[in-house]
Each structure stands twice: as structure tokens, then as C-alpha cells.
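S.K.: Numbering that gives the first Met the number 0 puts the first residue of the sequence shown at 0, with every later residue one more than the last.
Think of the CB as a built atom: it goes at the ideal place given N, C-alpha and C, for glycine as much as any other residue.
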Amino acid sequence: MKITKLETIWFAARPKSAWQQQMGQSRQALPNNLWVRIYTDTGLVGLGETYYIPSATSAIIHDVYAPLLIGRDARDIENHWANLFSLVNFCGFAGAEMRALSAVDIALWDLLGQHTGEPIYNLLGGRSRDRIALYNTCVGFGNYADDWGWLEGRAGELAQSLLQQGIKAMKVWPFDQFGATLAGPMHPRAQVRIWGGESAAGPLSHVLSNDELKRGVQVVADIRAAVGDKMAIAIEGHARWDLPTAIRIARALEPYDILWLEEIMPPDNVEAFVRLKAATSVPICQSERVFTRFGFRQLVERPAADIIMPDVAWGGGITETRKLCHQADTYYLPVTLHDTVG
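(1) Take every Cβ of the segment 323–333, pair it with every Cβ of the segment 228–248, and state whether three or more of those distances are shorter than 8 Å.
(2) Per DSSP, which residues does residue 171 bridge with? Please list them.
(3) Can you tell me whether residue 242 is helix, strand or coil according to DSSP?
(4) Go through its chain and collect everything with a Cβ distance to residue 325's Cβ below 8 Å, but skip five positions before and after it.
(5) State the Cα-Cα distance for the pair residue 102 and residue 115, rounded to the nearest angstrom.
(6) Reducing DSSP to helix, strand and coil, say where residue 31 ends up.
(7) According to DSSP, what are the bridge partners of residue 64?
(8) Once you ignore the five residues that flank residue 24 on each side, which residues in its own chain have a CB closer than 6 Å to its CB?
(9) Which residue marks the beginning of the alpha helix (DSSP H) containing residue 44, and which one marks its end?
(10) For residue 6, which of helix, strand or coil comes out of DSSP?
(11) Could you tell me whether the segment 31–49 touches the segment 91–107, using the rule of 3 or more Cβ pairs below 8 Å?
(12) Does the Cβ of residue 218 have 16 or more other Cβ atoms within 10 Å, making it buried, or fewer, making it exposed?
(13) Throw me the rounded Cβ distance for the residue 242 and residue 264 pair, which I believe falls under 8 Å.
(14) Determine, using beta-carbon pairs with one atom in the segment 312–322 and one in the segment 272–285, whether at least three such pairs fall under 8 Å.
(15) Please name the residue or residues paired with residue 285 in a DSSP beta bridge.
(16) Check each candidate in 81, 149, 96, 42 and name the one with the smallest Cα separation from residue 49.
(17) Starting from residue 262 and walking both ways along the beta strand (DSSP E), at which residues does that stretch end?
(18) Is DSSP giving residue 255 helix, strand or coil here?
(19) Looking at the secondary structure, which residues open and close the alpha helix (DSSP H) in which residue 331 lies?
(20) In or out: residue 45 buried (at least 16 other Cβ within 10 Å) or exposed?
(21) Could you give the distance in angstroms between the alpha-carbon of residue 199 and the alpha-carbon of residue 124?
(22) Only counting the same chain, and skipping five residues up and downstream in sequence, which positions put a Cβ closer than 6 Å to that of residue 202?
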């Protein structure tokens with residue numbers, strides 16, 4: 000089953016005016032999903048996907064990866080992963096290189112599943128369970144923007160609505176709104192619109208007033224008041240806060256039986272998370288921005304996390320995610336997968 004061609008697909012950016020008419024703001028002027036198709040001489044076509052800056056990721060796939068893949072057997076997945084990773088790691092692998100590798104790897108597994116006539120979970124060793132619990136990441140767009148209700152004082156109402164749909168866990172980020180933005184030192188909280196995730200991608204923040212802390216916690220309190228303990232609540236941090244503030248947030252959330260506190264600080268400094276974990280009873284979850292089993296090693300071994308959260312489409316595809324899941328399992332740590340691409 001020889002690879003004959005690689006194709007990348009993404010949506011062209013819509014004009015800013017078009018998004019403003021629909022949303023009142025340019026929240027997604029730059030679509031970020033990327034798909035890769037890998038064609039073979041058998042007629043089978045594998046599909047992979049990733050997210051963020053598709054033009055850069057596509058360039059890596061065509062300019063760097065394709066010459067190492069075309070003409071070779073698509074079933075040699077481990078060898079392909081090692082070759083592609085070794086090539087881009089010469090200059091540092093994180094970023095578009097790893098997203099491109101993830102998409103290619105997913106497409107190769109898709110091809111293997113089609114070739115064998117088996118679902119991928121069988122190729123990985125079979126099912127561990129017949130169903131998986133889900134949670135709702137409370138973000139929306141267009142006709143589905145009501146998922147933002149928790150930011151408008153309607154967190155309890157949203158929790159009730161989710162329960163009616165059979166969803167028993169939800170994730171919100173009530174402290175992002177108080178963090179510094181990308182606007183610069185003169186207007187540290189002015190909004191900047193580039194590709195849609197700027198509120199989550201702001202610089203490290205050092206100041207959270209007592210009132211802001213209370214307002215953030217109130218979102219969680221409203222959910223508990225509305226539905227009690229029927230709803231599990233995860234808190235997303237988007238790596239926005241320094242260690243002292245992260246500890247304040249975590250301790251303020253302790254009375255509310257939080258499912259996990261996710262990436263409340265940038266994931267680069269493992270020691271900071273060791274200190275955070277020691278300072279709170281809230282489970283610490285890390286992190287879609289950590290790539291490969293080598294990146295997760297210290298988080299697992301120190302330990303700096305209670306829950307491991309890799310992203311298959313960012314952090315190395317199925318091949319690498321399987322390995323770091325085994326790594327977490329060695330330390331009896333649970334894994335929950337992050338996902339941006341749907």
C-alpha cells in the first residue's frame with residue numbers, strides 16, 4: 000500500500016465584515032481547521048486533521064513530510080513517525096511541525112483501519128469499555144452562542160439545560176475575563192481580534208482582585224445552586240495566571256468539588272505545578288500544550304498533575320498518544336483527551 004499523494008484542505012478566511020454581521024465581532028476571521036488526505040496506490044485514502052494556522056501546517060506537510068512519505072508503505076506507521084519527528088526535531092519540533100505530524104499520523108492510522116477492515120480501537124488492542132463519559136466545553140457560535148450564557152450570569156440555567164440533554168459535566172473558564180490581553184501595556188485589558196482565541200492566548204497575568212476572584216467563583220457557585228452535585232464542573236485556565244494567583248483560584252474553588260483545574264499556568268515550568276498541586280486539594284489537569292511522552296514525563300513522575308490531558312491532533316497523533324497513555328497508566332494516572340477539531 001504505497002503512498003502516492005498528500006493533499007491538505009482548509010477553509011479560506013471570511014472577510015472581517017462578514018463575521019461582524021453575524022456575531023457583532025470578528026471572532027473567527029481566520030478558520031483554523033486543517034485536514035490532510037493521504038492517497039495510496041490501492042485507492043484507499045486516509046483522512047487526518049489538526050487545528051491552528053493551517054497555511055503554516057500545510058507547508059510543513061508538503062515541503063518537509065511529503066518527500067519522506069511518497070512511494071513508501073503507508074503501513075509502516077512507527078517508522079514514518081520516527082523519521083518525520085527526527086527530521087523536524089533538528090530545529091525544534093513544537094508548533095506547526097508537531098501539528099502536521101499529528102494530522103499525518105491520524106491519516107495513516109485511518110488507512111490501516113480501512114486496509115484491515117477493522118476499527119482503529121481494535122488495532123490498538125480492543126475496547127476497554129463500551130461507552131465514554133463526555134463533558135460540554137461551554138463555548139458556542141452563531142445559533143449556538145447560548146453556550147456562552149455562563150459569562151452572562153446564566154451559568155445555572157446552562158447547567159440545567161445540559162442536564163436535560165443528558166450531559167453531566169461541563170467546562171468553563173470564568174477567570175480569563177480578568178486576565179491581561181495582547182493589547183500591550185497601555186491598555187492591558189483591551190480586546191484584540193486576530194484568529195478568535197485571543198482571550199485564551201493572553202500573556203501571563205499577575206493581578207486578580209478579590210472582587211474578580213469572587214465573580215469568577217460565583218459562576219461555579221451558580222451552577223451548584225442550580226443543579227447541586229448532579230453536574231461535574233471542570234475549570235479551564237488557558238495558562239493565564241502566575242503561581243500565587245493560581246493557588247488563590249484553586250483554594251477558592253475547593254468548596255465546590257471541582258472535577259479538575261486545567262492548565263491554570265503555562266505548562267513549561269513543571270516545578271510550579273508541583274507547588275500548586277501541593278497547595279490545593281483540587282485535581283490538577285495537564286495539558287494539551289505538552290507534546291510527546293518526553294514532555295509529559297516530568298508531569299507524571301514529579302508528580303505535577305493528577306490528570307493527564309494530551310491532544311491527539313496536536314501532540315503527535317495516535318502513535319504518540321498511545322505511548323504517553325501507557326506512561327500515565329504506569330503511575331495510575333487517568334487520561335482525558337483534549338480536542339479542538341471536533
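M.R.: By the coordinates alone:
(1) Taking 8 Å as the limit for Cβ pairs, the verdict is that the segment 228–248 does not touch the segment 323–333.
(2) Taking the first residue of the sequence shown as 1, we reach residue 171 at position 172. Its beta-bridge partners are 234.
(3) Within the sequence shown, the letter at position 243 stands for residue 242. Residue state, collapsed to three classes: helix.
(4) Residue mapping note: residue 325 aligns to position 326 of the sequence shown, counting from 1. Answer for residue 325: no residue qualifies.
(5) Translated into positions along the sequence shown, residue 102 becomes position 103. Translated into positions along the sequence shown, residue 115 becomes position 116. If I take the Cα positions, the gap works out to 20 Å.
(6) As a first step, residue 31 must be located in the sequence shown, where it is residue number 32. Looking at residue 31 - three-state DSSP - the assignment turns out to be coil, as it is neither helix nor strand.
(7) Here residue 64 refers to the residue found at position 65 when the sequence shown is read from its first residue. When DSSP reads this structure, residue 64 sits in no beta bridge, so it has no partner.
(8) The residue you call residue 24 lines up with position 25 of the sequence shown. Caution is warranted here: a pLDDT of 49 is assigned to residue 24, below 50, making its placement in the model unreliable, and the coordinate value is therefore given only provisionally. Around residue 24: no qualifying Cβ.
(9) In the sequence shown, residue 44 corresponds to position 45, counting from 1. Looking at the DSSP string, residue 44 is not in any alpha helix (DSSP H); the run it does join, the beta strand (DSSP E), is 44–50.
(10) Counting from one through the sequence shown, the residue named residue 6 turns up at place 7. Under the three-state reduction of DSSP output, residue 6 falls in the strand class.
(11) yes
(12) In the sequence shown, residue 218 corresponds to position 219, counting from 1. Its Cβ being crowded by 16 or more others within 10 Å, residue 218 is buried.
(13) Here residue 242 corresponds to residue number 243 of the sequence shown, with the count starting at 1. Here residue 264 corresponds to residue number 265 of the sequence shown, with the count starting at 1. Between residue 264 and residue 242 the Cβ distance is about 6 Å, and since that is below 8 Å, they are a contact.
(14) no
(15) If you number the sequence shown from 1, residue 285 lands on position 286. Its beta-bridge partners are 307.
(16) For the purposes of this step, residue 49 is taken as residue 50 along the sequence shown, with counting starting at 1. The shortest C-alpha separation from residue 49 is found at 96.
(17) If you number the sequence shown from 1, residue 262 lands on position 263. Here residue 262 belongs to no beta strand (DSSP E), and DSSP marks it neither H nor E.
(18) Counted from its first residue, the sequence shown places residue 255 at position 256. DSSP places residue 255 in helix when its eight states are reduced to three.
(19) What you label residue 331 is simply residue 332 of the sequence shown in a count that begins at 1. Per DSSP, residue 331 belongs to no alpha helix (DSSP H) and is neither H nor E.
(20) Here residue 45 refers to the residue found at position 46 when the sequence shown is read from its first residue. Residue 45 should be labelled buried.
(21) Here residue 199 corresponds to residue number 200 of the sequence shown, with the count starting at 1. Here residue 124 corresponds to residue number 125 of the sequence shown, with the count starting at 1. Taking the straight line joining both Cα atoms gives about 36 Å.
(22) Here residue 202 refers to the residue found at position 203 of the sequence shown. 179, listed in sequence order.
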